[in-house]
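Heads up: the structure comes next, in structure tokens.
6 protein chains.
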Amino acid sequence: MPYVTIKMLEGRTEEQKKALAEKVTAAVVETTGAPAEKVVIFIDEMTKNNYAIAGKRLSDE
Amino acid sequence: MPYVTIKMLEGRTEEQKKALAEKVTAAVVETTGAPAEKVVIFIDEMTKNNYAIAGKRLSDE
Amino acid sequence: MPYVTIKMLEGRTEEQKKALAEKVTAAVVETTGAPAEKVVIFIDEMTKNNYAIAGKRLSDE
Amino acid sequence: MPYVTIKMLEGRTEEQKKALAEKVTAAVVETTGAPAEKVVIFIDEMTKNNYAIAGKRLSDE
Amino acid sequence: MPYVTIKMLEGRTEEQKKALAEKVTAAVVETTGAPAEKVVIFIDEMTKNNYAIAGKRLSDE
Amino acid sequence: MPYVTIKMLEGRTEEQKKALAEKVTAAVVETTGAPAEKVVIFIDEMTKNNYAIAGKRLSDE
Numbered sequence: 335m336p337y338v339t340i341k342m343l344e345g346r347t348e349e350q351k352k353a354l355a356e357k358v359t360a361a362v363v364e365t366t367g368a369p370a371e372k373v374v375i376f377i378d379e380m381t382k383n384n385y386a387i388a389g390k391r392l393s394d395e
Numbered sequence: 335m336p337y338v339t340i341k342m343l344e345g346r347t348e349e350q351k352k353a354l355a356e357k358v359t360a361a362v363v364e365t366t367g368a369p370a371e372k373v374v375i376f377i378d379e380m381t382k383n384n385y386a387i388a389g390k391r392l393s394d395e
Numbered sequence: 335m336p337y338v339t340i341k342m343l344e345g346r347t348e349e350q351k352k353a354l355a356e357k358v359t360a361a362v363v364e365t366t367g368a369p370a371e372k373v374v375i376f377i378d379e380m381t382k383n384n385y386a387i388a389g390k391r392l393s394d395e
Numbered sequence: 335m336p337y338v339t340i341k342m343l344e345g346r347t348e349e350q351k352k353a354l355a356e357k358v359t360a361a362v363v364e365t366t367g368a369p370a371e372k373v374v375i376f377i378d379e380m381t382k383n384n385y386a387i388a389g390k391r392l393s394d395e
Numbered sequence: 335m336p337y338v339t340i341k342m343l344e345g346r347t348e349e350q351k352k353a354l355a356e357k358v359t360a361a362v363v364e365t366t367g368a369p370a371e372k373v374v375i376f377i378d379e380m381t382k383n384n385y386a387i388a389g390k391r392l393s394d395e
Numbered sequence: 335m336p337y338v339t340i341k342m343l344e345g346r347t348e349e350q351k352k353a354l355a356e357k358v359t360a361a362v363v364e365t366t367g368a369p370a371e372k373v374v375i376f377i378d379e380m381t382k383n384n385y386a387i388a389g390k391r392l393s394d395e
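Chains as they are written, first to last, in my numbering: chain A, 335 to 395; chain B, 335 to 395; chain C, 335 to 395; chain D, 335 to 395; chain E, 335 to 395; chain F, 335 to 395.
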């Protein structure tokens with residue numbers, strides 16, 4: 335604990351996702367005092383046809 | 335805001351998912367008073383082997 | 335199925351939430367062809383101190 | 335109801351997932367008193383490049 | 335891992351929730367081979383005015 | 335986007351949660367290239383009687 339879920343569009347590189355996990359974990363440790371080994375990150379990637387803002391899917395723009 | 339996640343079995347057409355995003359957004363706007371551009375829809379599609387009712391996966395029926 | 339989770343700030347009235355459940359269900363039935371009795375709605379209400387945009391919680395604005 | 339989401343790394347066999355759905359449902363029925371036909375199980379499988387502990391993705395180990 | 339979220343109406347006793355966590359964990363260990371100390375359970379309790387089936391909240395029945 | 339959900343035990347101060355939202359947002363912006371105003375943070379606080387590891391709720395320890 336904490337358990338962090340990051341939901342975003344697919345398309346980031348593996349290097350970006352690796353850095354994302356590292357930096358977000360560091361931010362959680364710094365601000366909550368949780369030990370790093372207890373911080374869990376889940377990345378949840380979406381596709382443009384399953385994500386809509388204002389009723390319009392990104393794949394329909 | 336609001337953020338709406340719709341979890342359902344895969345198999346709907348793109349036309350159905352497009353209409354789903356439009357109509358659900360309209361329903362949220364009408365009833366909550368939120369502006370349409372703040373309404374976010376996530377569609378989360380499941381497969382039959384990862385979904386069970388009464389202990390039985392749909393893929394095992 | 336479908337299972338719909340609507341995440342929003344607390345503060346809507348019971349009448350609004352009742353209408354929200356009705357209208358979103360109708361939109362899901364109309365566009366996916368699912369029977370109404372299979373459509374499940376979860377409303378998940380947040381507080382302003384647990385919700386941030388651009389790094390700023392709504393309670394800090 | 336209840337609705338149970340089981341998030342785990344991909345790699346389990348279909349037989350394991352079938353047994354998982356059955357046994358977890360039985361445990362829920364036994365302890366909550368809910369009828370089996372109301373218990374829903376969702377299995378949510380992750381990949382090693384989207385899951386990190388202590389800031390390190392399992393795919394980077 | 336696995337991470338198990340159990341969403342249900344509030345109203346179960348602490349004894350029921352304690353047994354639920356124990357028995358579901360045992361079922362996960364038995365069927366996935368995960369060690370017990372890696373199994374995490376989250377119980378997520380809903381109220382009747384935030385849960386609807388067929389467009390009708392349980393609090394409106 | 336991205337949408338970040340941070341699930342943790344209740345008990346952090348408002349100052350800690352404010353800093354958590356700020357620092358996690360900065361980490362997401364730095365590593366994904368998303369503009370800050372698109373980054374959304376949800377904090378989801380749990381109680382010890384709804385959270386178990388190895389089948390034991392933290393409230394039962």
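Just so it is clear, CB atoms sit at the ideal spot from N, CA and C, and this is done for glycine as well.
Since the structure is predicted, the reported quantities are computational estimates derived from the model, not experimental observations.
Residue i and residue j closer than 8 angstroms at C-beta
i                 : j                 : result
Val373 of chain A : Val363 of chain A : yes
Thr339 of chain A : Gly389 of chain D : no
Met335 of chain E : Met335 of chain D : no
Ile387 of chain B : Glu395 of chain D : no
Counted within 10 angstroms of its Cβ, other Cβ atoms place residue i as buried (16 or more) or exposed
i                 : result
Gly367 of chain E : exposed
Pro369 of chain B : exposed
C-beta neighbour in chain B for residue i, strict 8 angstroms
i                 : result
Met335 of chain A : no
Lys351 of chain D : yes
Ala395 of chain D : Correcting the residue type first, residue 395 of chain D is Glu in the shown sequence and not Ala. False, the Cβ-Cβ gap to chain B never drops below 8 angstroms.
Neighbour flag for residue i against chain C, beta carbons, 8 angstroms
i                 : result
Met399 of chain E : In this structure chain E extends from 335 to 395, so residue 399 of chain E is not present and cannot be described.
Glu364 of chain B : yes
Cutoff 8 angstroms: residue i Cβ touching any chain F Cβ
i                 : result
Ala361 of chain A : yes
Lys390 of chain A : no
Cutoff 8 angstroms: residue i Cβ touching any chain A Cβ
i                 : result
Ile387 of chain D : yes
Ala368 of chain B : no
Same chain, Cβ closer than 8 angstroms to residue i, neighbours up to 5 away in sequence not counted
i                 : result
Glu344 of chain B : Glu379, Met380, Thr381
Ala361 of chain F : none
Thr365 of chain E : none
Same chain, Cβ closer than 6 angstroms to residue i, neighbours up to 5 away in sequence not counted
i                 : result
Arg391 of chain E : Asn383
Tyr337 of chain A : Val374
Ser393 of chain E : Lys382, Asn383
Minimum Cβ-Cβ distance from residue i to chain E less than 8 angstroms
i                 : result
Arg346 of chain D : yes
Ala355 of chain C : yes
Contact the region 349-365 of chain D vs the region 377-389 of chain C: 3+ CB pairs below 8 angstroms: no
Counting beta carbon pairs with one atom in the region 381-392 of chain B and one in the region 340-353 of chain D, are three or more of them shorter than 8 angstroms? yes
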